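A quick write-up on the structure given underneath.
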Amino acid sequence: MASQLNLPSPARLDLRTDPNTAQTKWKKWYAQFELFAVAANIEDKKRLRQLLLYTAGDDLQSIAAGLGDKEAAGKDVETLVAALNDHFDSKRNLPFTRYQFRLCTQQSGEPIDEWLQRLKDAADCCGFEGLRDSLIRDQVIAGCSSEQLRRKLLAIDNVDLEQALRVARAMETAETQASLMESNEAAVQRLRLRDTGAAASSAERPVKGPAKQQPGKQTTCIRCGVPGHRTCNAARGKTCERCGKRNHLARACLSRPLEAVRALQADSDSSEPEDSIFCLTVAATGTATAGARTTVLVDSTQLEVLVDSGADCNILTEKAWRKLPRPPPLQTTRTKVFAFLSSEPLSILGACSLQVTTGQDSQEVRFIVVPGDGVNILGREASTSLRLLSLGPQVRAIAAAETENAETLALAKQFPELFKGLGKVKGVSVQIGIKPDARPVCHPPSRVPVHLREALDRELDEQERLQIIQPVEGPTPWVSRIVVVPKEDGKTVRITQDLRDVNKAALRQRHQIPTFEEATSDMTGSTIFTKLDIFKAFHQIEISEDSRKYFVFSTPRGMRQLTRLSMGFASASEILQRVMQQVLEGLTGVKWIHDDIIIHSQGPEVHQEHVAACLTRLRDNGITLNASKCRWGIGKAKFMAMTLSKFGIQPSEEKIAELQAFKDPQSAKEVRSFLGLANHLEKFMPHLADKAEPLRRLTRKGQEFVWDREQQQSFQAVKDCISEGCTLAFFDKRLPTELVVDASPVGVGAILQQRHPSGQTRPVAYASRTLSDVERRYSQIEREALGVKFGCLKFAFYLEGCPHFDIYTDHKPLLGIYRADSRPPPRLECIMLQTQHFTFKLHYRKGEDNPADPLSRNPLTSASSHKDEAEDTRLCNAVVQAATPKGLTVDRIRAATERDPALVVVMRALETGNWSCGAASPAHSFRSLKDELSVHAGLLLRGNRIVIPAELQQLTIGLAHQGHLGQKKTCDRLQRKVWWPGMSKQVEAVVTNCLPCQAARTDGAVKHPPMQPTPLPSGAWQSLSVDVCGPFPTGENVVVLVDYFSHYPNLYVVRSLTSASVINCVIASFSRSLRTTPPTSRAKNSTCFWTASGFDSAGSPHSTRRRTARWSASTAASTRPSTPPRPKATTGGGRSTSGCSDTATLCTEAPTARPTTSCSTERPATSCHLA
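Counting in the UniProt record's numbering, the sequence shown runs from 1 upward without gaps.
What follows is the structure in structure tokens.
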């Protein structure tokens, strides 16, 4: 019977495409198989088992083979099916299947019943049990594509699934019928326009303004088109599909419909109505249209096109289509094209989409191909998008693209090999280093969506053809996932790899990437530019054979590995910059960042040389370019999102348009995004009309988001300010440089400008930023110094190493702080230290003449985190800790400062800069010191000292007066750490009233005269000093005689210390040394030395005896060096020979003190001591 009916067998069961839906696929397929078995009248269970496995295909056969060892698999179909059901049930992942159920939403144009079936299939795998219908109902309400249906279902109390489906089907049927009625009405209008021509069309054009309601006719809404009411909010924010305007629907549109070109595939639904397109331009080449012609690149082929503002479509002739290097296949279209005043449609071969490039704009355009030769036409929509046509309220003019220099373009044609295929840099093979402790990571393959597979296959074929990737053979320890990203055209994809694990394991290669300022620093005077774009720059750098194993990734075709560098690799940008530096280094007028190369020159002839040298270098190194993105010999070029010209630097139109199109923020995150975008264009803002502070407040942590009139005005003011635009001059290191700075309570601003020989001062860059909460509490002079630091560090690239530049400020006291002999407070000192490596001179300029004043008062929120603020805070904290007196704490001083009315007024004056106070004000005594004062952490500082509040002043003096120091030392202690007005007078009063200090005063005691030096004798043995050392433990003493001139000592050992024994020693010394007595001798005030009879008989009539001061035992012990005990030498002067021997020995071992001074009072004198 099966053969008689000739029934087709069920399709093969595909279980590899999406393993997560294997259970659903199996159930659907088995249901079809059961129908087939019944229809074919097959009842043998063994035969059904074999037929099931054969029909299902390899995927199910592999699973069944794995179940063969199980008895449950059996040999009949029922046992096999039961085993397969158990197998697929065990593979079910409930969290994932329920996640897929939640993602199952209604697609655009999908009928409700088809979507319902998809929801039921998805719910069958989720194990919802009794909640199945209610969860499907919830998904219908949440995932439907119609907002009107969702609102209607939510308005019904406790709606169930059946009721929801009835409402959805009814609305779907009504929508379909209304669309057919509207399409029929539109078709009648198109036929009427075609028959009557232009005159009739103008006569039938609807009259603006509200129409009068006819009697008996029901009122229709002008917004949604539904009868019964005049207006509503159902269409608020929506766009009309007929005219493109907002806030009304198509069925309520009063404008004449602008039908779009609709190209249908060959297998499209034949029931769809035909579309009529009117081409209003006559295919002629008269003078009227000659000015509207321009040359564009269509798929890298130059074609002349006519820009027609009256054409609703784009026309390409068959000849031009065949001229393309790879003519795309034509698609069948039901669109009809009519020429102007013609009732017969043009003959059409088909439609295709082509990439059109005009100047610096490129986009995909839909063309209708007509047979033969003629004029290629760009319609109104495409011409406007490509900025070839500008439509304004008064004028519709052709905006011609930037004209390229013919000579430079001809020079480029001499290098055809630069524009063929994908190049490879010669002699470069990148070696990737891996960390020694890195472990290989192998990821499972990623599943590619069904709709992207075809485009992925084409891209894989193209990359294998270009040798970017290659198949992998053998084991692969490193496997990454493939990432498929659809492009904007919806037909092609971009392939990347998820190399995060490889990036973690790879040793990072470092190379400096120049900034925009560095790349444009020597473009002063350049008038002509050429921009080159490297074709797939990363893919032109080869990866070494040994390193390719790290770039293996999985594809639906199997494992592939990269042979060229990929943008997903962490060091790819540095490697590309290093390679380009090796290739282009040494070329004049050539700058590059990544794959963008800009060639600049000051004249066409020099530019030809620069371009030729660059192209030759690229050709010799095997690099190819993207012809569609290259611009040759133009006067204005885009480079790094900026526009370069002979006038300087301008912001790109795209950036300005992006900012202008920014919608009103709905959250603090969107406000940050807007401010970040505005900050990117900050250097082009000479001033801001209103403050950006209302927007910045919304970004604070914990701040409630309230969008009010103030925020709206600030938001619009920033957009208007940036949109005004500004042309900045190129920096020229030969010109005088000026930095204009200013600070306000909310921000700081700076302008870098240069004075040109003509006398004109042109800005180079603008900068501003808001102050943090801590910086806003700075004094005005500190904020002004912060502005100087901000300007210097912001433009350090231009100012560091500059022999001299001038800084202008409107705060005159700042000039005194920056003098070389100034002693600024700690915070100012720290700020100044960070700019000490700049060589500048500070000048004063009035505020009304300072152009940086608006920047500081209306700053943009900077993305930077004010990292220098932490360093300043650490320094000030260290100063405060060091200046805090022992016995007090910082918290105690801060609390007392907050209660001190005078200090509160002073700190407020420092923050606001308002010192308008009279002589009676508590802040008046601080006014003259305002440039020395600062506020930190709630404390008032004067320089490095803390200003003590009144309630702690007496306690601080008491701490400094511990030990009862005098007034001067107490003041010295205080002045090292603290200060307050009248501190010295208060210290004097405390010391004067201190009883212990007054009792210990010695102001009435007799003061000793100062010590006087003793004159040196003119010769030896004219003046002697005599002293006794002892007694020693043996009971003996040593008499010591020293000559003042030669310091020669004589020592005699005596047992009894009497005048007679000492005189005998002196006589012996005189008789042995001089045979006479010396003119002068000095000795202690002791009776053994000053017995009148003894010394009179021993001395000569011409000798003089002088007494020294009486010494106490403690004084003698403290001033006399210790002398070791000497052995017994002689007992008197009779043993002169042995005495001389002993004396000589003591001279060489015992140190002596030179007597140099004398004293005429009883005060001890060191001149009488011998060590």
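Note that the Cβ used here is the ideal one computed from N, Cα and C, for glycine as well. Everything numeric in this text was worked out from a predicted model, so none of it was measured.
Problem set entry | Three-state class that DSSP yields for I541 in the structure shown | Coil, per DSSP.
Exercise. Taking the continuous beta strand (DSSP E) assigned at A743, which residues delimit it?
Worked result: Unbroken beta strand (DSSP E) run through A743: 737-743.
For this session: State the Cα-Cα distance for the pair S108 and S145, rounded to the nearest angstrom.
Result: Each residue's Cα considered, the two are about 7 Å apart.
For this session: Give the straight-line distance between the Cα atoms of D14 and T24, rounded to the nearest whole angstrom.
Result: Between the C-alpha atoms of D14 and T24 there is a straight-line separation of about 11 Å.
Exercise. So does V167 have its beta carbon nearer than 7 Å to some heavy atom of the ligand GDP?
Worked result: Of the ligands one can find in the structure shown there are none, so the ligand GDP has no counterpart to examine.
Exercise. For the beta strand (DSSP E) that C614 lies in, which residues bound it at each end?
Worked result: According to the DSSP assignment, C614 belongs to no beta strand (DSSP E) but to the alpha helix (DSSP H) extending over 604-620.
Exercise. Hey, is the region 565-578 in contact with the region 541-548, meaning 3+ C-beta pairs nearer than 8 Å?
Worked result: Between the region 565-578 and the region 541-548, the count of C-beta pairs closer than 8 Å reaches three or more; the two stretches touch.
Problem set entry | beta strand (DSSP E) segment containing T97, residue limits | Run containing T97: none in the beta strand (DSSP E); it sits in the alpha helix (DSSP H), 94-103.
Problem set entry | In DSSP terms, what H594 is bridged to | According to DSSP, H594 bridges with nothing at all.
Exercise. Given that a residue counts as buried once 16 or more other Cβ atoms are within 10 Å of its Cβ, and exposed if not, what is H600?
Worked result: Buried: at least 16 other Cβ atoms inside 10 Å.
Exercise. How about P736 and Q754: are their beta carbons less than 8 Å apart?
Worked result: Cβ distance < 8 Å, so P736 and Q754 count as in contact.
Exercise. For the alpha helix (DSSP H) that D44 lies in, which residues bound it at each end?
Worked result: First-last for D44: undefined, no H or E at that position.
Exercise. What are the partner residues of W478, as DSSP defines its beta bridges?
Worked result: W478 pairs with nothing; no bridge assigned.
Exercise. Exposed or buried, D113, counting other C-beta atoms within 10 Å across all chains shown (16 or more means buried)?
Worked result: When all chains shown are included, D113 counts as exposed.
For this session: Below 8 Å CB to CB, which residues in the same chain sit around V77 once its five sequence neighbours on both sides are set aside?
Result: Here V77 has K45, K46, L48, R49, L52 as same chain residues with Cβ atoms under 8 Å from its own Cβ, once five neighbours each way along the sequence are excluded.
Exercise. Taking buried to mean at least 16 other C-beta atoms within 10 Å of its own C-beta, is P949 buried or exposed?
Worked result: Here P949 is buried: its Cβ has 16 or more other Cβ atoms, across all protein chains shown, within 10 Å.
Exercise. Can you pull the DSSP bridge partners for I599?
Worked result: Looking at the DSSP assignment, I599 forms a beta bridge with T530, V590.
Exercise. Per the contact definition of three or more C-beta pairs closer than 8 Å, is the region 805-819 in contact with the region 934-953?
Worked result: For the pair of segments examined, the region 934-953 was found not to touch the region 805-819: the number of CB pairs separated by less than 8 Å stays below three.
Problem set entry | Proximity to Q967 [Cα-Cα], best of V990, R976, W980 | Taking the Cα of Q967 as reference, the smallest distance to any Cα among V990, R976, W980 is reached at V990.
For this session: Return yes when the Cβ of Y1052 is within less than 8 Å of the Cβ of L1024, no when it is not.
Result: Their beta carbons are not under 8 Å apart, which means L1024 does not touch Y1052 by this criterion.
Exercise. Taking the DSSP output, what are the residues bridged to R560?
Worked result: As computed with DSSP, R560 is found in a beta bridge with P471, F553.
Exercise. Which one of R617, V905, S547 has the shortest CA to CA distance from W478?
Worked result: Per the Cα distances, S547.
For this session: Could you name the residues of the same chain whose beta carbon sits closer than 8 Å to that of I893, not counting the 5 residues immediately before and after it, in chain order?
Result: So the qualifying residues of the chain are T884, L939, I946, I948, P949, L952.
Exercise. Apart from the five residues on each side of it in sequence, which residues of its chain come closer than 7 Å, Cβ to Cβ, to M580?
Worked result: Around M580: W592.
For this session: Grab the span of the alpha helix (DSSP H) containing D891 for me, first residue to last.
Result: Residues 890-899.
Problem set entry | Where the alpha helix (DSSP H) through S385 begins and ends | That run of the alpha helix (DSSP H) goes 380-385.
Exercise. Just how far apart, CA to CA, sit P471 and G558?
Worked result: Straight-line Cα distance between these residues: approximately 8 Å.
Exercise. First and last residue of the alpha helix (DSSP H) that includes R500?
Worked result: Start and end: 500-505.
Problem set entry | Straight-line Cα distance separating P10 from residue 1174 | Residue coverage of the chain in this structure runs from 1 to 1171, which leaves residue 1174 outside it and unanswerable.
Problem set entry | Enclosing beta strand (DSSP E) for F639 [first to last residue] | Here the beta strand (DSSP E) through F639 covers 636-639.
Problem set entry | Per DSSP, the bridge partner or partners of E304 | According to DSSP, E304 bridges with T295.
For this session: Ignore the nearest five residues each way along the sequence and tell me which others in V1038's own chain have a CB closer than 6 Å to its CB.
Result: So the list reads C1029, G1030, L1051, V1053, once near-sequence residues are dropped.
For this session: Would you give the residue range spanned by the beta strand (DSSP E) that A765 belongs to?
Result: Going by DSSP, A765 is part of the beta strand (DSSP E) stretching over 761-770.
Exercise. Are the Cβ atoms of I649 and V741 separated by less than 8 Å?
Worked result: Contact flag unset, no.
For this session: Quick one: measure Cβ to Cβ for V1066 and V1040, integer angstroms, because I've assumed they're closer than 8 Å.
Result: The distance from the Cβ of V1066 to that of V1040 is about 11 Å, inconsistent with a contact at the 8 Å cut-off.
Problem set entry | Buried/exposed call for D312, threshold 16 Cβ in 10 Å | Residue burial is scored here from C-beta neighbours: D312 has at least 16 other C-beta atoms within 10 angstroms and is therefore classed as buried.
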